[in-house]
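Here's the structure, in structure tokens; my notes come after.
In my numbering, the protein residues as written are 1226 to 1464.
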């Protein structure tokens, strides 16, 4: 799954504001990592685990949603049925793996949805509306552009190796460094220079308040989700 802010906005039926996505991301990460598996916190964990699945379906990432549910369901099954019936090292290893999946994967998937369904322009506009300083937003926007581009370069290198029929022969670590890592390092320098030039061309270092082509606004369903997020956080800390 490729990470990076998308070049176009999402095609979901209900397009969420980037600020709503950030609120959901913070709440889900907080509740899933720190929540207990009993009482009110367990209900909140179930709700938080379901939110990324629903949102992934709204942007038609059905495969990712199904993989997410499969891993989460397998983790819950192991925690409830397998772990109590085994002991020793297998019990400890399985408990650690299931704990990592159940507590960190929902937050990761919400972050993946946020990144994949938000364009760079929407991200910059949202951060500007929140009065976040440019020395924070600009490095983030460049970073989210950098890693997907680097991934494309990695795929291009592998395609070039297959065309030269050397794709199956890179098993030696030194050969891998020669054919893969060295070209990626050279591409890294070139990509960094290109992004720096692009930022200067767009006037990111000029200072002053910037204008934005894209229009974002907090709609009714954004307010509903934000209020629901706030309620979950209050319940999490109260109970």
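Using N, Cα and C, we set each Cβ at its ideal position, and we do this for glycine too.
As the structure is a computational prediction, the values presented were derived from the model and not from experiment.
Three-state secondary structure assigned by DSSP to residue i
i            : result
residue 1342 : coil
residue 1376 : helix
residue 1237 : Only weak support exists for where residue 1237 lies, its pLDDT of 47 falling under 50; the coordinates are left without a value.
residue 1439 : coil
residue 1413 : helix
residue 1384 : helix
residue 1463 : helix
residue 1232 : Confidence at residue 1232 is low in this model, with a pLDDT of 45, below 50, so the placement of that residue is unreliable and no value is reported for it.
residue 1226 : In this predicted model, residue 1226 has a pLDDT of only 41, less than 50, meaning its place in the structure is not dependable enough to derive any value.
residue 1444 : coil
residue 1453 : helix
residue 1261 : coil
residue 1270 : helix
residue 1358 : coil
residue 1389 : coil
residue 1418 : helix
Separation of residue j from residue i, as counted between CA atoms
i            : j            : result
residue 1361 : residue 1342 : 21 angstroms
residue 1305 : residue 1336 : 27 angstroms
residue 1244 : residue 1282 : 20 angstroms
residue 1317 : residue 1369 : 36 angstroms
residue 1359 : residue 1320 : 42 angstroms
residue 1313 : residue 1296 : 23 angstroms
residue 1211 : residue 1422 : The chain is shown from 1226 up to 1464; residue 1211 falls before or after that span and cannot be answered.
residue 1450 : residue 1400 : 52 angstroms
residue 1340 : residue 1389 : 35 angstroms
residue 1323 : residue 1384 : 36 angstroms
residue 1286 : residue 1347 : 20 angstroms
residue 1334 : residue 1355 : 24 angstroms
residue 1311 : residue 1330 : 24 angstroms
9 angstroms Cβ cutoff, residue i in contact with chain C
i            : result
residue 1363 : Absent from the structure: chain C. Only one protein chain is present.
Buried or exposed (CB count within 10 angstroms, at least 16 for buried), residue i
i            : result
residue 1338 : buried
residue 1293 : buried
residue 1418 : exposed
residue 1246 : buried
residue 1403 : exposed
residue 1259 : exposed
residue 1191 : Outside the displayed span of the chain (1226 to 1464) sits residue 1191, for which this structure offers no information.
residue 1456 : exposed
residue 1309 : exposed
residue 1242 : buried
residue 1257 : buried
residue 1461 : buried
residue 1454 : buried
residue 1414 : exposed
residue 1277 : buried
Only counting runs of 4 or more residues, tell me where the alpha helix (DSSP H) segments fall wholly within the stretch 1274-1356, in order along the chain.
1287-1302, 1314-1341 and 1345-1354
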